[in-house]
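In our numbering, the protein residues as written are 1235 to 1486.
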Ligand code: BTN
């Protein structure tokens, strides 16, 4: 692994698309960062708003297949938390299952992992896309289709995006190495940050049905275990999301 390198792009449609296309030329453990994206990809086919110079739009390359691809968002979740805490130690950032980072009841970072396959659909590795709202003012945050915040709003100061990317790539490589050496350790660190464990929430299923229950655990493979009136149920990340009203209640 040759980690830590940053490829800077002025403009690209999506850093994830670029990293997947140039996967073979780019280094393992390196980061592609763009000043702006013209077609930033969000989860579930959504668009990720990517105005120039305000935020981090980055994709991290995982070339080792020694780590299950569905564990890789843990690397980025922990790395972004560490980076944000370094930049604004007084602010309370938290990890929302499965892949978001929040501050109070507002999203500050989204993560989109994509698999890189080679010939015969053999998995070659993965690309973790990371969008962090850094210098986005309140007026632009209002254009996002869900409650969102930025480091500027929470910490009160603008940050140099180059410095943020440099801190981020160091933290990403730190957790990548932890994951490669000991996936149980990575899981334990990530689970520790999931403050939703022990919380009673409403969860919205893909078919819009709502499940009410207490989150009692998150399994090694990321499954959410929920105690409901019909017994303990397990859900995978694709199945549901935590209702916004539940998050709001936690921070009232
Ligand atoms: C989400 O929907 O929460 C995930 C958003 C991920 C956005 C980032 S920005 C950099 C990278 N490139 C993309 O096109 N998407 C990800």
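We treat Cβ as the ideally placed atom computed from N, Cα and C, and that holds for glycine.
task = Count the C-beta pairs between the stretch 1383 to 1398 and the stretch 1319 to 1327 that are closer than 8 Å, then say yes if the count reaches three, no if not.
result = Because the criterion of three Cβ pairs below 8 Å is met, the stretch 1383 to 1398 and the stretch 1319 to 1327 touch.
key: Reference residue 1246; option with closest CA among 1255, 1239 and 1407   = Translated into positions along the chain shown, residue 1246 becomes position 12. Ranking 1255, 1239 and 1407 by Cα distance to residue 1246 puts 1255 first.
inquiry  = Looking only at its chain, what residues have a beta carbon closer than 6 Å to the beta carbon of residue 1470, apart from the 5 residues adjacent to it on each side?
reply    = In the chain shown, counting from the first residue as 1, residue 1470 sits at position 236. Within the same chain, 1457 come within 6 Å of residue 1470 by CB-CB distance, once the 5 residues on both sides are set aside.
Under the three-state DSSP convention, the category residue 1325 falls into = For the purposes of this step, residue 1325 is taken as residue 91 along the chain shown, with counting starting at 1. It is coil, neither helix nor strand.
key: CB contact flag (residue 1301, residue 1413, <9 Å)   = Numbered from its first residue, the chain shown carries residue 1301 at position 67. Numbered from its first residue, the chain shown carries residue 1413 at position 179. When the beta-carbon positions are compared, residue 1301 and residue 1413 come within less than 9 Å of each other.
message = For a quick check, are the C-beta atoms of residue 1345 and residue 1307 less than 9 Å apart?
response = Taking the first residue of the chain shown as position 1, residue 1345 is located at position 111. Taking the first residue of the chain shown as position 1, residue 1307 is located at position 73. The answer is yes: Cβ separation under 9 Å.
message = Buried or exposed for residue 1435, going by 16 or more other Cβ atoms inside 10 Å?
response = Residue numbering aside, residue 1435 sits at position 201 when the chain shown is read from its first letter. By the beta-carbon neighbour count (other beta carbons within 10 angstroms, threshold 16), residue 1435 is buried.
query = Mind checking whether residue 1265 and residue 1420 have CB atoms under 9 Å apart?
reply = Working through the chain shown from its first residue, we reach residue 1265 at position 31. Working through the chain shown from its first residue, we reach residue 1420 at position 186. No, the Cβ-Cβ distance between residue 1265 and residue 1420 is not below 9 Å.
request  = Could you tell me whether any non-hydrogen atom of the ligand BTN is closer than 8 Å to the CB of residue 1282?
outcome  = Residue numbering aside, residue 1282 sits at position 48 when the chain shown is read from its first letter. The answer is yes for residue 1282.
task = Pull up the DSSP beta-bridge partners for residue 1437, would you.
result = To locate residue 1437, count along the chain shown from 1; it is residue 203. Residue 1437 is bridged to 1445 and 1476.
query = Using the C-alpha atoms, what's the distance from residue 1352 back to residue 1318?
reply = On the chain shown, residue 1318 is found 84 positions in, with the first residue counted as 1. On the chain shown, residue 1352 is found 118 positions in, with the first residue counted as 1. For residue 1318 and residue 1352, the gap between their C-alpha atoms comes out near 34 Å.
ask   = Contact check, residue 1293 vs residue 1249 under 8 Å by CB: the rounded distance?
value = Against the chain shown, residue 1293 aligns to sequence position 59. Against the chain shown, residue 1249 aligns to sequence position 15. Under the criterion of beta carbons closer than 8 Å, residue 1293 and residue 1249 qualify as touching, at roughly 4 Å.
query = The beta strand (DSSP E) spanning residue 1244 covers which residue range?
reply = Within the chain shown, the letter at position 10 stands for residue 1244. Where residue 1244 is concerned, the enclosing beta strand (DSSP E) stretches over 1240 to 1246.
task = Output the distance between the C-alpha atoms of residue 1461 and residue 1237, rounded to the nearest integer angstrom.
result = On the chain shown, residue 1461 is found 227 positions in, with the first residue counted as 1. On the chain shown, residue 1237 is found 3 positions in, with the first residue counted as 1. So the alpha carbons of these two residues sit roughly 41 Å apart.
task = In the DSSP assignment, find the unbroken alpha helix (DSSP H) run with residue 1413 in it and report its ends.
result = Your numbering for residue 1413 matches position 179 in the chain shown. Counting along the chain, residue 1413 sits inside the alpha helix (DSSP H) bounded by residues 1395 to 1415.
query = Looking at residue 1367 and the ligand BTN, is the gap between the Cβ and the nearest heavy atom below 8 Å?
reply = Mapped onto the chain shown, residue 1367 falls at position 133. No, Cβ of residue 1367 sits at least 8 Å from all heavy atoms of the ligand BTN.
message = Helix, strand or coil for residue 1422? Go by DSSP, reduced to three states.
response = Residue numbering aside, residue 1422 sits at position 188 when the chain shown is read from its first letter. In this structure, residue 1422 counts as helix in the three-state DSSP scheme.
ask   = Under the rule that 16 or more other beta-carbon atoms within 10 Å means buried, what is residue 1273, buried or exposed?
value = Position 39 of the chain shown, counted from the start, is the residue given in the question as residue 1273. By the 10 Å Cβ count, residue 1273 comes out exposed.
inquiry  = Quick check on residue 1280: buried or exposed, where buried means 16 or more other Cβ atoms within 10 Å of its Cβ?
reply    = In the chain shown, the residue the question calls residue 1280 occupies position 46. So residue 1280 counts as exposed.
inquiry  = Which of the three DSSP states is assigned to residue 1340 in this structure?
reply    = Here residue 1340 is taken as the residue at index 106 of the chain shown, counted from 1. For residue 1340, the three-state secondary structure derived from DSSP is strand.
ask   = First and last residue of the beta strand (DSSP E) that includes residue 1266?
value = Taking the first residue of the chain shown as 1, we reach residue 1266 at position 32. For residue 1266, the uninterrupted beta strand (DSSP E) segment begins and ends at 1265 to 1271.
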